[in-house]
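S.K.: Numbering follows numbering that gives the first Met the number 0, with no gaps: position 329 of the sequence shown is 328. Glycine is no exception: its CB is placed at the ideal position from the N, C-alpha and C atoms. As the structure is a prediction and not an experimental result, all values here were calculated from the model.
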Amino acid sequence: MASVERVVNDGMDTTPHRQVDGRTLFCSASGLSIHATLNLSQAPMITRILKTTLNRWCISSGVASVANQKNEKRFERVAAHFALPKRLGLLGALLAGLLPAAAGSFNTDFSSDPGGTSIVNRDQVLVKDGILKLVDLNDLIDPATGQFSEQRLPLQGCYILPEIDPGQKVASFTATFKARVGGGTESSALGFSLVLANDYDQTTPFREGGGATTGLTISFLQAFGQAGVGEGTAAGDAPGIVIKQKGQKVIAKRFTGLRTDGPGAGHAPVFVPVEVTLTSDGLLSVTYNSNKVYDKVPIGYIPIAGQFGFGAGIENQTAIVRDNFWIDDLSITTTTVSGAYVVSIEPPTQNAAPNAAVKIGIQDLAGAAVQMVFDGGQPFTPAQTDAGGGVTLVTFQSVALFDPGSSHTVNLTYGTKTLAYGFSVVNYVSLGAGDRVEPAGVDTSKPGFKLKVYQTATTSIGDNKTAEKVLAGQGGANIANLSAATDGLFDVAGVINFEATGTDAGNMPGDTVFPGIPGTLPDNTQTTDNFAVEAIAFLDLAVGAYTVGVNSDDGFKLGAASNPRDVTAPPITAYDAPRGAGESVGFFAVTQSGIYPFRLLYWQQSGGAEVEWYVIDTSGNRTLINDPNAPGGNRINSYRQLKAGASLPPYVSAASPAPREVNVSVRPRIAIDVTEDATIVDQSSIKLALNGSQATLPVGAIVKNGKVTTVNYSVSQPLVAQTAQMLHLEFSDSAGHNVVREWGFTTGKGGGGNLLNSVKGYWTFEKGNLKARVGRDLAYVDNSVASRYKFGVSGQGDFAALPPINGKPAHALLVPYVTDGTHKQMGLRMKHDIAPNGGGQKVNQYTVILDLLWGQGSAYGALWQLHDLDNAGDSDMYWQESSGAYGKTCCSAYLAPGQKQARNEWRRVAFAVDLAANPPILAKYIDGIKNLDQI
């Protein structure tokens with residue numbers, strides 16, 4: 000196997016677990032490529048690998064990211080730039096709208112309980128020692144032993160203040176207080192929030208994200224919590240301050256100064272001043288420790304009557320990530336609403352539909368004059384309707400569709416008051432003439448969909464990428480029942496509304512069973528698990544904007560293009576993880592009427608299985624695609640095939656860099672595969688452009704293998720680092736189709752030299768032994784069990800069932816899963832010559848890369864051991880089957896938000912550690928996509 004070629008130093012932010020001395024135990028790896036920087040002394044490193052297969056293993060000194068290699072999985076994306084800023088758009092607010100009434104006030108120094116409501120998850124007292132202690136780490140001390148007890152986690156609490164203005168809507172307020180965030184572990188916990196709401200859960204404490212409240216929330220986020228645990232916050236929001244209203248994020252801003260004092264209990268607590276101000280015209284300001292984080296930002300505030308409250312908490316998954324969250328010296332002053340006021344605003348400030356109508360509800364307008372200015376144009380009088388209950392609904396509908404990702408402003412004058420409001424449009428997919436098929440080529444006598452169903456007994460499908468591989472035959476034999484299929488495909492004349500047993504599920508009634516499901520396992524039992532479905536449809540669409548929904552259990556991806564299998568076609572909507580029945584909504588627009596090819600990829604892992612595909616009108620009504628009983632205005636006709644002789648053009652089946660890929664090398668090797676259906680690519684027509692400049696393709700840059708034409712190109716000069724780049728591909732085929740595809744990617748940090756200059760250990764197992772390509776040879780932990788290991792090549796002999804890596808044979812080491820008590824003897828020992836780094840006496844900075852496949856075994860796989868090597872039954876890094884992610888011990892945070900690893904599939908796994916950073920970091924990656932920073 001080729002050696003790793005480049006290093007891009009990318010300053011990854013992570014949370015490592017310990018310094019490494021001379022020895023390290025690797026405890027359960029299969030197909031390893033370790034690219035590592037280890038502050039190890041000269042003692043051995045041991046890798047205990049249980050029923051896994053090792054392909055390559057490389058160790059180097061220093062935190063690094065690794066560039067792409069030919070015929071290997073991408074790893075260029077290993078960098079710290081996965082949390083990209085999100086488009087926020089213009090955010091709405093009242094500029095002169097609400098006439099304030101009498102002011103209320105609340106003041107307390109917490110010398111005694113001020114009469115609020117405490118909601119906690121155990122018996123802790125929140126108001127004590129003259130402080131509101133939302134999280135007090137002293138509560139983690141077991142009274143019986145006087146020692147820290149991890150079993151007392153999670154620790155969560157919120158405090159709801161007495162209502163300041165009973166029954167009155169709050170028009171404005173100023174809240175000042177002192178906050179402490181500190182005294183915990185090296186890395187901080189999640190954060191705290193200030194909330195104004197009237198729908199608090201009186202039994203469960205809300206935390207850093209305001210919980211399930213739907214009022215106004217100011218979240219002070221120190222760290223990102225796991226999906227489903229972190230109260231709706233996103234990885235890119237922390238550290239920072241996030242504003243939410245009605246349970247939805249309005250705006251987020253990065254801010255790194257939330258922690259007030261360092262880790263540990265050996266110092267006095269430090270408090271800093273905080274001020275939150277919402278003016279009577281709806282502008283929000285937040286100042287934290289004299290830092291003006293928000294300054295009169297319009298947030299689209301809609302007045303509510305409610306109570307203020309504080310909440311915080313730490314998760315049981317973050318046993319080693321915690322902090323104190325304390326509040327003191329609180330003062331709140333308010334004004335209340337009188338006269339006309341805004342009660343509703345549409346569309347939302349983010350992700351508005353391309354055809355969204357501006358709708359503003361005004362209470363008690365009493366016939367006052369109304370004028371609107373849209374996007375700075377001329378004033379006009381908008382439409383008004385009586386919405387009942389004293390509410391006047393003011394409406395404006397743009398004639399033209401809004402551009403994808405565009406931002407817009409609304410200025411409304413009603414009587415003597417003014418509302419300034421803005422919104423950003425979702426970055427929707429726009430379909431035009433180049434995406435259509437010729438109407439004469441569509442067989443309109445064949446309504447419905449063409450389905451390919453592929454079920455596997457050997458691969459767990461947990462994401463869209465794995466589903467694509469299974470459909471391509473790379474996940475084992477197809478065990479679905481294809482008796483009713485023709486040439487492996489099913490004709491569905493009706494709708495996409497399937498459920499595993501035909502029981503109604505999701506939004507739409509009338510479910511039927513999936514074609515070909517259940518399949519039959521090798522033991523002759525039937526199963527509804529682990530199958531993927533591809534549905535091809537040709538939709539007859541008029542010009543306009545469309546909102547579509549897919550309700551699925553588990554995941555899916557919906558796209559459209561001249562050939563809908565094209566990987567460069569942006570998805571209209573997708574869900575890339577297992578879930579119960581749930582809805583995902585997407586938007587697209589049609590600029591020219593016609594018939595457009597669509598592709599719905601759906602997959603099922605285990606348990607329940609259902610999928611529905613429908614269109615949603617402006618009133619929220621859902622209509623299944625191709626429903627013959629749908630009202631005329633809502634019906635979308637679908638056809639399942641082309642006429643004989645008609646064909647789709649070739650399509651881009653693989654692209655590197657991939658669409659929307661981030662942290663790409665500044666010297667990328669561009670490789671594009673174009674796959675033929677029924678027509679032939681004209682190689683002389685192929686044109687490639689990068690950032691608008693035509694690329695000169697040298698002789699040999701275009702090669703063909705079967706039906707796949709590959710275009711290869713290497714840039715002559717490095718691209719600008721950390722910058723958006725654009726690729727443009729054109730080609731034609733033997734049927735006269737002209738295909739144009741464009742997609743973007745983003746470069747990472749530049750720099751880096753020859754990786755082999757810093758590699759300290761590299762093992763590929765292609766010689767059938769433990770010899771090193773670079774560095775010292777590996778050794779078995781116990782030579783007496785050496786015969787139980789196996790070396791081989793995927794697809795051959797004992798490794799016949801082992802899948803290849805990216806279609807190429809993989810030389811691998813198999814470490815068996817054992818149940819006879821010899822597991823403590825299994826593993827590999829690695830010695831190295833790495834000098835101490837990072838300013839310490841041990842190895843503090845290292846990167847580990849492994850090409851890894853997990854085979855038979857338990858729900859957890861032990862990967863390596865870095866300390867306490869005499870305790871051979873332990874591990875310091877685990878793979879967790881249920882999440883497909885990596886973490887440390889039982890209480891670690893396991894999460895794979897963008898990529899995960901299922902059993903029996905190769906993944907490139909990487910760990911980048913910097914113990915010299917403040918705080919120390921450990922970043923985990925799967926196929927170059929960053930997972931959590933914390934252990």
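#1: If you draw a straight line from the alpha carbon of residue 290 to that of residue 258, how long is it in whole angstroms?
#2: Could you tell me if residue 675 is buried or exposed, where buried requires 16 or more neighbouring beta carbons within 10 angstroms of its beta carbon?
#3: For residue 507, which residues of its own chain have a beta-carbon under 7 Å away from its beta-carbon, when the five flanking residues on both sides are left out?
#4: Which value, in whole angstroms, describes the spacing of the CA atoms of residue 899 and residue 462?
#5: So, for residue 526: in the same chain, excluding its five sequence neighbours on each side, which residues have a beta-carbon less than 7 Å away from its beta-carbon?
#6: Buried or exposed: where does residue 371 fall if 16 or more other Cβ atoms within 10 Å of its Cβ makes it buried?
#7: Once you ignore the five residues that flank residue 117 on each side, which residues in its own chain have a CB closer than 6 Å to its CB?
#8: With three or more C-beta pairs closer than 8 Å as the rule, is the segment 630 to 646 touching the segment 579 to 592?
#9: According to DSSP, is residue 811 part of a helix, a strand, or is it coil?
#10: Helix, strand or coil: how does DSSP classify residue 60 here?
#11: What does the alpha-carbon distance come out to for the pair residue 183 and residue 886?
#12: Mind checking whether residue 708 and residue 682 have CB atoms under 8 Å apart?
#13: Suppose the cutoff is 7 Å on Cβ atoms and the five residues either side in sequence are ignored; what does the same chain contact list for residue 389 look like?
#14: What does the alpha-carbon distance come out to for the pair residue 449 and residue 816?
#15: Can you have a look at residue 679 and say buried or exposed, based on whether 16 or more other CB atoms are within 10 angstroms of its CB?
#16: Are the CB atoms of residue 690 and residue 700 within a distance shorter than 8 Å?
#17: Can you tell me which of the three DSSP states residue 629 falls into?
#18: If you reduce the DSSP assignment to three classes, tell me which class residue 266 lands in.
#19: For residue 33 and residue 927, what's the separation of their Cα atoms in angstroms?
#20: Look at the alpha carbon of residue 673 and the alpha carbon of residue 651, and state the distance between them as a whole number of angstroms.
#21: Please say whether residue 249 and residue 217 have beta carbons closer to each other than 8 Å?
#22: Inspect the beta-carbon positions of residue 759 and residue 833 and report whether they are closer than 8 Å.
#23: Kindly give me the distance between the Cβ atoms of residue 528 and residue 554, rounded to whole angstroms, as I take these residues to be in contact under 8 Å.
#24: What is the DSSP secondary structure of residue 469, counted as helix, strand or coil?
#25: Decide if residue 702 is buried, meaning its Cβ has at least 16 other Cβ atoms within 10 Å, or exposed.
#26: Identify the continuous beta strand (DSSP E) that holds residue 490 and give its terminal residues.
#27: Nearer than 7 Å: is that true of the beta carbon of residue 679 relative to any heavy atom of the ligand NAP?
#28: I need the boundaries of the beta strand (DSSP E) containing residue 598, first residue and last residue.
#29: Should the segment 409 to 428 be regarded as contacting the segment 527 to 543, the criterion being three or more beta carbon pairs within less than 8 Å?
#30: Identify, in the order they occur along the chain, each residue of the same chain with its Cβ nearer than 6 Å to the Cβ of residue 391, setting aside the five sequence neighbours on each side.
#31: Give me the Cα-Cα distance between residue 282 and residue 422, rounded to the nearest whole angstrom.
#32: Would you grab the beta carbon distance between residue 908 and residue 851 for me? Rounded to a whole angstrom, and I think it's under 8 Å.
#33: For the structure I just gave you, are there three or more beta carbon pairs, one from the segment 183 to 192 and one from the segment 348 to 356, closer than 8 Å?
#34: Would DSSP call residue 433 helix, strand or coil?
#35: Distance check for residue 609 and residue 600, CA to CA, integer angstroms please.
#36: What do you get for residue 467, buried or exposed, if any count of 16 or more other CB atoms within 10 angstroms of its CB means buried?
M.R.: From the atom records:
#1: Taking the straight line joining both Cα atoms gives about 13 Å.
#2: So residue 675 counts as buried.
#3: Take residue 507, set aside five residues on each side of it, and the residues of its chain with a beta-carbon closer than 7 Å to its own are 496, 611, 613, 621 and 623, in chain order.
#4: For residue 899 and residue 462, the distance between alpha carbons rounds to 8 Å.
#5: Residues of the same chain with a CB within less than 7 Å of the CB of residue 526, apart from the 5 flanking positions on each side, are 517, 518 and 520 in chain order.
#6: Counting the other Cβ atoms within 10 Å of the Cβ of residue 371 gives 16 or more, which makes it buried.
#7: 125 and 158.
#8: No: fewer than three Cβ pairs fall under 8 Å.
#9: Looking at residue 811 - three-state DSSP - the assignment turns out to be strand.
#10: Because residue 60 carries a pLDDT of 41, less than 50, the predicted location of this residue cannot be relied on, and no value is offered for it.
#11: The C-alpha of residue 183 lies about 20 Å from the C-alpha of residue 886.
#12: A contact, by the Cβ cut-off of 8 Å.
#13: Around residue 389: 362 and 363.
#14: Answer to the nearest angstrom: the Cα atoms are 42 Å apart.
#15: Result: exposed.
#16: It is not a contact, given that the beta carbons lie outside the stated cut-off.
#17: Assignment of residue 629 by DSSP, reduced to helix, strand and coil, places it in the coil class.
#18: Three-state result, residue 266: coil.
#19: Caution applies to residue 33, whose pLDDT of 31 falls short of 50 and renders its modelled position unreliable; the value that the coordinates give is listed next. Each residue's Cα considered, the two are about 13 Å apart.
#20: The alpha-carbon atoms of residue 673 and residue 651 are separated by roughly 4 Å.
#21: At a Cβ-Cβ threshold of 8 Å, residue 217 and residue 249 do not count as neighbours.
#22: Going by C-beta atoms, residue 759 is nearer than 8 Å to residue 833.
#23: Rounded, the Cβ-Cβ distance is 14 Å, inconsistent with contact.
#24: When DSSP states are grouped into helix, strand and coil, residue 469 belongs to the helix group.
#25: A residue is called buried once 16 or more other Cβ atoms fall within 10 Å of its Cβ, and residue 702, having fewer, is exposed.
#26: Unbroken beta strand (DSSP E) run through residue 490: 488 to 491.
#27: You won't find the ligand NAP in this model; it holds no ligand whatsoever.
#28: For residue 598, the enclosing beta strand (DSSP E) starts and ends at 593 to 603.
#29: Judged by pairs of C-beta atoms under 8 Å, the segment 409 to 428 does not touch the segment 527 to 543, as fewer than three such pairs exist.
#30: Closer than 6 Å at the Cβ level, and outside the excluded window around residue 391, lie 361, 364 and 383.
#31: Their backbone Cα atoms lie some 16 Å apart in a straight line.
#32: Taking the Cβ atoms as the reference, residue 908 lies roughly 5 Å from residue 851, within the contact range of under 8 Å.
#33: No, because fewer than three Cβ pairs between the segment 183 to 192 and the segment 348 to 356 fall closer than 8 Å, the two stretches do not touch.
#34: Helix, per DSSP.
#35: For the pair residue 600 and residue 609, the Cα-to-Cα distance works out to about 13 Å.
#36: Note on residue 467: 16 or more other CB atoms within 10 angstroms of its CB, so buried under the neighbour-count rule.
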